[in-house]
């Protein structure tokens, strides 16, 4: 009980540190996502530029084929439409790139006129994920879960304090009283204590009687503890569900990456061998 205030202060300090850690994690994560979005937008511009250039090249070749009589004149309308669509996509991708660039500069607190180019490439490698290990890592590093643990411990300590307030209190007091202030010697200018004093020892017993404030406080702390315990259990279950869902999502995303690579390779082969005329 004597260390209760110190322990509560330690719990509060722990929660403050977790809040600071959460702020840092959120900021770093936001910057990483902003950079990745900027990188993807940069690649989107490159892809749309190539598509736009290729559509213009295809349009010129169709015009030549039409002049040679090898294509119908109506085909140029579709080619011109494709060029217009590709140009529009190219302009939109440039706007998205500039928006993502400004968002990244804002997070980094850099002048908005700064020109930056992404240099890091995104490399995706397969990883072995074990749900049990993932749960251990999450419960160890999940800020909200750690804060809930501290809140639960704090609620437990508050119950002990409330129970302690309902106990009888026995205080021991001791002291010494001086009954005469003494006199001064004129020649030596020194004070002499000629008066008498007395010692006293008291024991005070305080018994809570007729006041149900302490009982109500105990009930309130017990309710708060039960609520924190239920909230902690619900949070733990929700985290476990989220981890399992994220695990499945990662596996699915990895399969999509592998299929996308295969589609890209096949499309590149088809593009290399496909004739224009």
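In my numbering, the protein residues as written are 10 to 286. All residues carry an ideal CB built from backbone N, CA and C; glycine is no exception. Here the structure is a predicted model, which means the values were calculated and not measured.
Asked                                                                                                                                                      : Found
Would you call the CB atoms of residue 131 and residue 234 closer than 9 Å?                                                                                : no
What are the start and end residues of the alpha helix (DSSP H) that includes residue 158?                                                                 : 152 to 174
Return the Cβ separation of residue 256 and residue 114 in integer angstroms, given the expectation that the two are a contact with Cβ distance under 8 Å. : In fact, because the Cβ distance is near 35 Å, the residues do not count as touching under 8 Å.
Out of 71, 77, 96 and 79, point me to the one whose CA is closest to residue 86's CA.                                                                      : 71
Does the Cβ-Cβ distance between residue 104 and residue 47 come in under 9 Å?                                                                              : no
Secondary structure at residue 43, three-state DSSP: helix, strand or coil?                                                                                : helix
Would a C-beta distance cut-off of 9 Å place residue 75 and residue 81 closer than the cut-off?                                                            : yes
For residue 38, does the count of other Cβ atoms within 10 angstroms reach 16, so buried, or fall short, so exposed?                                       : exposed
Taking only beta-carbon atoms, is residue 277 less than 9 Å away from chain C?                                                                             : No chain C is part of this structure, which consists of one protein chain only.
Is the distance from the Cβ of residue 215 to the Cβ of residue 179 below 9 Å?                                                                             : yes
Buried or exposed for residue 28, going by 16 or more other Cβ atoms inside 10 Å?                                                                          : exposed
Using the Cβ count rule (16 or more neighbours within 10 Å means buried), how would you classify residue 218?                                              : exposed
Please state whether DSSP places residue 11 in a helix, a strand or coil.                                                                                  : coil
In whole angstroms, what is the alpha-carbon distance linking residue 285 and residue 69?                                                                  : Residue placement at residue 285 cannot be trusted, given a pLDDT of 49 that sits under 50; what the coordinates show is reported in the next sentence. When rounded, the distance between both Cα atoms is 11 Å.
Taking its Cβ as the centre, do 16 or more other Cβ atoms sit within 10 Å of residue 157, making it buried, or is it exposed?                              : buried
Quick one: is residue 15 buried, meaning 16 or more other Cβ sit within 10 Å of its Cβ, or exposed?                                                        : exposed
Residues in its own chain within less than 6 Å of residue 102 by CB, not counting five upstream and five downstream?                                       : 53, 54 and 57
Per DSSP, residue 211 forms a beta bridge with which residues?                                                                                             : 182
Between 159, 61, 246 and 84, which has its C-alpha nearest residue 18's C-alpha?                                                                           : 159
What is the DSSP secondary structure of residue 285, counted as helix, strand or coil?                                                                     : With a pLDDT of 49 at residue 285, under the threshold of 50, the modelled position of this residue cannot be trusted; read the value that follows with caution. Three-state DSSP puts residue 285 in coil, outside helix and strand.
So what does DSSP say about residue 123, is it helix, strand or coil?                                                                                      : coil
How many angstroms separate the CA atom of residue 250 from the CA atom of residue 140?                                                                    : 11 Å
At the level of alpha carbons, what is the spacing between residue 237 and residue 173?                                                                    : 21 Å
In whole angstroms, what is the alpha-carbon distance linking residue 223 and residue 11?                                                                  : 19 Å
Whose C-beta lies closer than 6 Å to the C-beta of residue 164 among residues of the same chain, with five residues either side of it excluded?            : 233, 234 and 237
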